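Have a look at the structure below before the remarks.
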Amino acid sequence: MRLPKWPRNRRRVAATLALHQRHHEWLTQVDLKMMRRALHLARAAGLRAEIPVAAIVYRGQEIISEAANDREASNDPAGHAELVALRLAGAKLGRWRLNDCRLAVTLEPCPMCAGAIVNARIEALLFGASDPKAGAVGSLYHIPQDTRLNHRLPCAGGIYATEAAGLLKNFFARRRLQKAPS
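Under numbering that gives the first Met the number 0, the residues of the sequence shown are numbered 0 to 181, in order.
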């Protein structure tokens with residue numbers, strides 16, 4: 000799969016990376032590229048009437064799998080982008096341990112997805128918007144950093160958070176307008 004192109008403003012990318020590296024020195028330009036790709040996939044999911052959330056499992060610059068929410072299309076309550084991407088990555092690599100892969104997702108994972116991320120032994124996680132109602136990577140719970148679990152991983156939130164949150168806000172605003180009585 001081809002890597003997404005850089006945004007036109009390279010200074011903005013460099014500034015974003017520098018800002019986040021202050022707290023998460025492990026972040027790289029590749030991580031930001033993957034998050035931009037995830038935002039692109041989330042935007043497309045919103046156009047298909049799915050909640051605009053997308054996830055990418057990658058190793059170095061190679062995209063292993065990518066997915067967006069597909070609960071509406073699949074009628075699967077577990078059709079979260081993270082779970083779909085993890086399943087596809089495991090199938091492609093022929094193993095369930097994804098300890099050499101990273102995951103970029105546009106919305107903070109819920110408890111179900113955070114548990115799957117830990118169980119998949121993901122190397123690192125980055126996400127866009129926080130989820131104060133269901134987030135399990137800092138908002139409500141801290142599942143990937145819980146010392147009682149057998150695997151912990153570094154996590155960085157707020158990567159392109161404004162763009163990720165904007166996709167969700169616009170999606171739900173449109174949905175409310177469509178349901179409003181005339």
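Every residue, glycine too, gets a C-beta built ideally from N, C-alpha and C.
Quick caveat: nothing in here was measured; it's all calculated off a predicted structure.
Would DSSP call residue i helix, strand or coil?
i    : result
S73  : helix
L124 : strand
L97  : coil
E107 : coil
M0   : Unreliable placement is indicated for M0, whose pLDDT of 43 sits below 50; no coordinate value is reported for it.
I63  : strand
H141 : strand
A119 : coil
A199 : The shown model of the chain, from 0 to 181, leaves out residue 199, and the question about it has no answer.
D30  : helix
R36  : helix
G114 : helix
Just to confirm, is the Cβ distance from residue i to residue j under 8 Å?
i    : j    : result
A160 : A113 : no
I63  : K91  : yes
A155 : L125 : yes
A54  : A80  : yes
I142 : V117 : yes
P153 : A135 : no
P51  : L176 : no
V29  : L102 : no
L26  : E162 : no
L148 : I121 : no
Mind checking who residue i pairs with in its DSSP beta bridge?
i    : result
F171 : In DSSP, F171 forms no bridge with anything.
I55  : E65, A103
A164 : A164 pairs with nothing; no bridge assigned.
C154 : L124
V136 : H141
If you drop the 5 nearest sequence neighbours on each side, which residues of the same chain put their C-beta closer than 7 Å to that of residue i?
i   : result
L82 : C112, A115
L87 : S64, A66
If I measure Cβ to Cβ from residue i and keep anything under 6 Å in the same chain, skipping five residues before and after, which residues do I get?
i    : result
R94  : none
M0   : Note that M0 scores 43 on pLDDT, short of 50, meaning its location in the model is unreliable; the coordinates nonetheless yield the value given after this. I62, listed in sequence order.
R58  : D99, C100
L85  : A115, A119
A164 : A128
F170 : G45, P51
G89  : W95
Got a sec? Which residues, its chain only, sit under 8 Å from residue i by beta carbon, not counting five neighbours each side?
i    : result
G137 : E107, S129, C154, G156
Y140 : P110, A113, G134
T190 : Residue 190 lies beyond the range of the chain shown here (0 to 181); nothing can be said about it.
>> When you compare the region 43-53 with the region 64-84, are there three or more beta-carbon pairs, one atom per stretch, that lie closer than 8 Å?
In response: yes
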